[in-house]
Amino acid sequence: MPTTKRPRTRIKDLLALEQLPVPNDPLVVMGWVKTVRSSGAVAFVQINDGSAFADLQIVVDANCPDYALVQRLTTGCSVRVTGILQESLGRGQRYEILADAVALLGDADPEEYPLQKKRHTLEFLRELAHLRPRTNTFGAMARVRNAMAFGIHQFFQQRGFLYVQTPIITASDAEGAGAMFRVTTLNINDPPTRNGGIDDGQDFFGRPAFLTVSGQLEAEIFAQSMADVYTFGPTFRAENSNTSRHLAEFWMVEPEVAFCDLDGLADLAEDFLRHIFAHALQSCPDDMAFFNRFYDKELIATLESIVAADFERMTYTEAIAALQSSGERFEFPVEWGLDLQSEHERYLTERKVGKPVIVTDYPSSIKAFYMRLNEDTPAHRQTVRAMDVLVPRIGEIIGGSQREERLNILQSRMAEAGLDQAPYWWYLDLRRYGTAPHAGFGLGFERTVQFATGMQNIRDVIAFPRTPRNAEF
RNA sequence: UCCCCCGUAGCUCAGCGGUAGAGCGGGCGGCUGUUAACCGCUAGGUCGUAGGUUCGAAUCCUACCGGGGGAGCCA
Numbered sequence: 004m005p006t007t008k009r010p011r012t013r014i015k016d017l018l019a020l021e022q023l024p025v026p027n028d029p030l031v032v033m034g035w036v037k038t039v040r041s042s043g044a045v046a047f048v049q050i051n052d053g054s055a056f057a058d059l060q061i062v063v064d065a066n067c068p069d070y071a072l073v074q075r076l077t078t079g080c081s082v083r084v085t086g087i088l089q090e091s092l093g094r095g096q097r098y099e100i101l102a103d104a105v106a107l108l109g110d111a112d113p114e115e116y117p118l119q120k121k122r123h124t125l126e127f128l129r130e131l132a133h134l135r136p137r138t139n140t141f142g143a144m145a146r147v148r149n150a151m152a153f154g155i156h157q158f159f160q161q162r163g164f165l166y167v168q169t170p171i172i173t174a175s176d177a178e179g180a181g182a183m184f185r186v187t188t189l190n191i192n193d194p195p196t197r198n199g200g201i202d203d204g205q206d207f208f209g210r211p212a213f214l215t216v217s218g219q220l221e222a223e224i225f226a227q228s229m230a231d232v233y234t235f236g237p238t239f240r241a242e243n244s245n246t247s248r249h250l251a252e253f254w255m256v257e258p259e260v261a262f263c264d265l266d267g268l269a270d271l272a273e274d275f276l277r278h279i280f281a282h283a284l285q286s287c288p289d290d291m292a293f294f295n296r297f298y299d300k301e302l303i304a305t306l307e308s309i310v311a312a313d314f315e316r317m318t319y320t321e322a323i324a325a326l327q328s329s330g331e332r333f334e335f336p337v338e339w340g341l342d343l344q345s346e347h348e349r350y351l352t353e354r355k356v357g358k359p360v361i362v363t364d365y366p367s368s369i370k371a372f373y374m375r376l377n378e379d380t381p382a383h384r385q386t387v388r389a390m391d392v393l394v395p396r397i398g399e400i401i402g403g404s405q406r407e408e409r410l411n412i413l414q415s416r417m418a419e420a421g422l423d424q425a426p427y428w429w430y431l432d433l434r435r436y437g438t439a440p441h442a443g444f445g446l447g448f449e450r451t452v453q454f455a456t457g458m459q460n461i462r463d464v465i466a467f468p469r470t471p472r473n474a475e476f
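Have a look at this one:
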């Protein structure tokens, strides 16, 4: 087998060339075969290396010593190709490679290889999480997801935010944000007992430990010293949720900002979403065009309008009034004090205003203890400085609040919620020593990728989805 | 967790009480600077699993398993 010292050229870089290179020396490209069209005179092999949405067409004529080999290539094989870049004689692509040599790196038995050169259902591909990145959809998804993750860091870094890594294993519970996964080294078949129960003192940490449901409380610690911080990492919910919008393991972005109130936080959330959508559109135009064509014809227009326009803002009280006067018939009741249901959120963002909506100042009774209590509200209509960012089709994409920085009010709110203050001693200390106004939000990364790609099911925007009874890969 | 729908060839589906079908994909052959090429031939199935009803079950009933959609919870 011939070898070469020449480095591999990425398909993306070849296709981006303004003109043919001078001198036009032989290049080496490597990738996986998408499709082969062969004949008695000439064969065409389309390969993809993941660097770009587009495939590269390899032309192999009878002069090529590997012509016979190419006749046997099938979808899924990996190959190394040496050849000259030329303007394509056919339509459908600008450049192609005229092959001098083709080497088979890895075979893929066509009788067994499950991916065909045609569309598969997303449900089928979920069973093939190890091969689906080779498809157009999941290659595009991987690149857009990567671009959005980069855009998130870029947004915060440009604004001087500090990226902090909060723990994945935690002993605290962020106010029952959801059922938690227990982490233990105890022998679950024969755990040590004490006083009739499991002796947690003998567990690894000397106490019960869990996978985190949120990095918020730890991010607040850093906001109370570094002022502008964000986290971006995995979080875990052991809820038995079987929907197209929930995962047991998902990634969350959580900025936490000192000396910031809810209005400032809403501004930040709006700028943030606009930045990452603009970044996805700008850095992955081919992938976004693909999603627009095959998954949501309105996708690019919707994202561009979000990038261009201000979000609508209304208070919870205004939202309730709007719902009550809408003339719509809702399945769930609309009444001040009740939480907004999915159907209500979707009405507001899809029908009422037709763009993202930020709803603020929810009743304190339906929100978490750490959200800042509004002054000047009647006792029976107490509200907190909370906000939800609602977007069409997904519903809630961001939830956040200004935090309660006043120690006495925070303590009374915890008491109302029936929370034991002892485990939160450090959280309360932040209010005892140099407390400062601050605010933060959480953004579900997969839901944001869902929104940006038009993918209907959250299991198709993460490489290895974790859902109830599903952790194969 | 609740409600509804669906499990038939490698994939996508039809068949809905009476001898298991199509398209695509695969194999073989042909043809062509082709574009998820095209043309011909061909192989391929314990009809999700286990019970039940029936002379007879892919088809009707029950349970379980798996998948999907919606709801709740939320991000």
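Residue numbering for the first sequence is 4 to 476, as defined by the working numbering. A virtual CB, placed ideally from N, CA and C, is assigned to each residue, including glycine.
| query | result |
| --- | --- |
| Coarse secondary structure for residue 476, derived from DSSP in three states | coil |
| Residue 227 classed as buried or exposed, judged by whether at least 16 other C-beta atoms fall within 10 angstroms | buried |
| Residue closest to residue 314, alpha-carbon to alpha-carbon, out of 337, 447, 359 and 88 | 359 |
| Simplified DSSP state of residue 37, which is helix, strand or coil | strand |
| For residue 267, the three-state DSSP class (helix, strand or coil) | helix |
| CA nearest to the CA of residue 11, picked from 301, 392, 121 and 29 | 29 |
| DSSP state of residue 405 mapped onto helix, strand, coil | strand |
| Distance, residue 171 Cα to residue 473 Cα | 21 Å |
| Nearest-angstrom Cα separation, counted from residue 266 out to residue 388 | 9 Å |
| Cα-Cα separation between residue 440 and residue 166, rounded to whole angstroms | 20 Å |
| Candidates 26, 14 and 464, of which the one nearest residue 247 by Cα | 464 |
| Three-state secondary structure (DSSP) of residue 119 | coil |
| First through last residue of the beta strand (DSSP E) which encompasses residue 85 | 81-90 |
| Boundaries of the beta strand (DSSP E) in which residue 254 is found, first to last residue | 252-261 |
| Assigned secondary structure, residue 14 (DSSP; H/G/I helix, E/B strand, else coil) | helix |
| Buried or exposed (CB count within 10 angstroms, at least 16 for buried), residue 173 | buried |
| Own chain partners of residue 101 with C-beta closer than 6 Å, once the 5 adjacent residues on each side are dropped | 62, 86, 87 and 89 |
| Closest by C-alpha distance to residue 65, when choosing among 81, 41, 59 and 53 | 41 |
| Continuous beta strand (DSSP E) stretch holding residue 73: start and end | Not the beta strand (DSSP E): residue 73 falls in the alpha helix (DSSP H), residues 70-75. |
| Secondary structure, beta strand (DSSP E): runs of 3+ residues fully inside the region 96-147 | 98-109 |
| Whole-Å CB distance - residue 445 paired with residue 402, under 8 Å assumed | 6 Å |
| Three-way DSSP call (helix, strand, coil) for residue 278 in this model | helix |
| Residue 217, buried or exposed, once every other Cβ within 10 Å from all chains shown has been counted against 16 | buried |
| Nearest-angstrom Cα separation, counted from residue 104 out to residue 76 | 14 Å |
| 6 Å CB neighbourhood of residue 339 in its chain, flanking five on each side removed | 323 |
| Whole-number beta carbon distance between residue 32 and residue 72, since they are thought to touch under 8 Å | About 16 Å separates the two Cβ atoms, so there is no contact after all. |
| CA nearest to the CA of residue 307, picked from 373, 348, 260 and 454 | 454 |
| Three-state class that DSSP yields for residue 458 in the structure shown | coil |
| Span of the beta strand (DSSP E), counted from its first residue to its last, around residue 48 | 45-51 |
| Best match in 287, 335, 349 and 434 for proximity to residue 150 [C-alpha to C-alpha] | 287 |
| Rounded Cβ spacing between residue 298 and residue 456 (contact assumed at less than 8 Å) | 7 Å |
| Cut-off 7 Å between Cβ atoms - residues of its own chain near residue 118, not counting five sequence neighbours on either side | 78, 79, 134, 137 and 138 |
| Cβ neighbour criterion (16 or more within 10 Å) applied to residue 4 | For residue 4, the pLDDT reaches just 49, beneath the cut-off of 50, and the residue's location in the model is therefore unreliable, leaving the point undetermined. |
| Minimum C-alpha distance to residue 409 - residue among 377, 199, 396 and 107 | 377 |
| Top-ranked residue by Cα proximity to residue 277, from 155, 292 and 380 | 155 |
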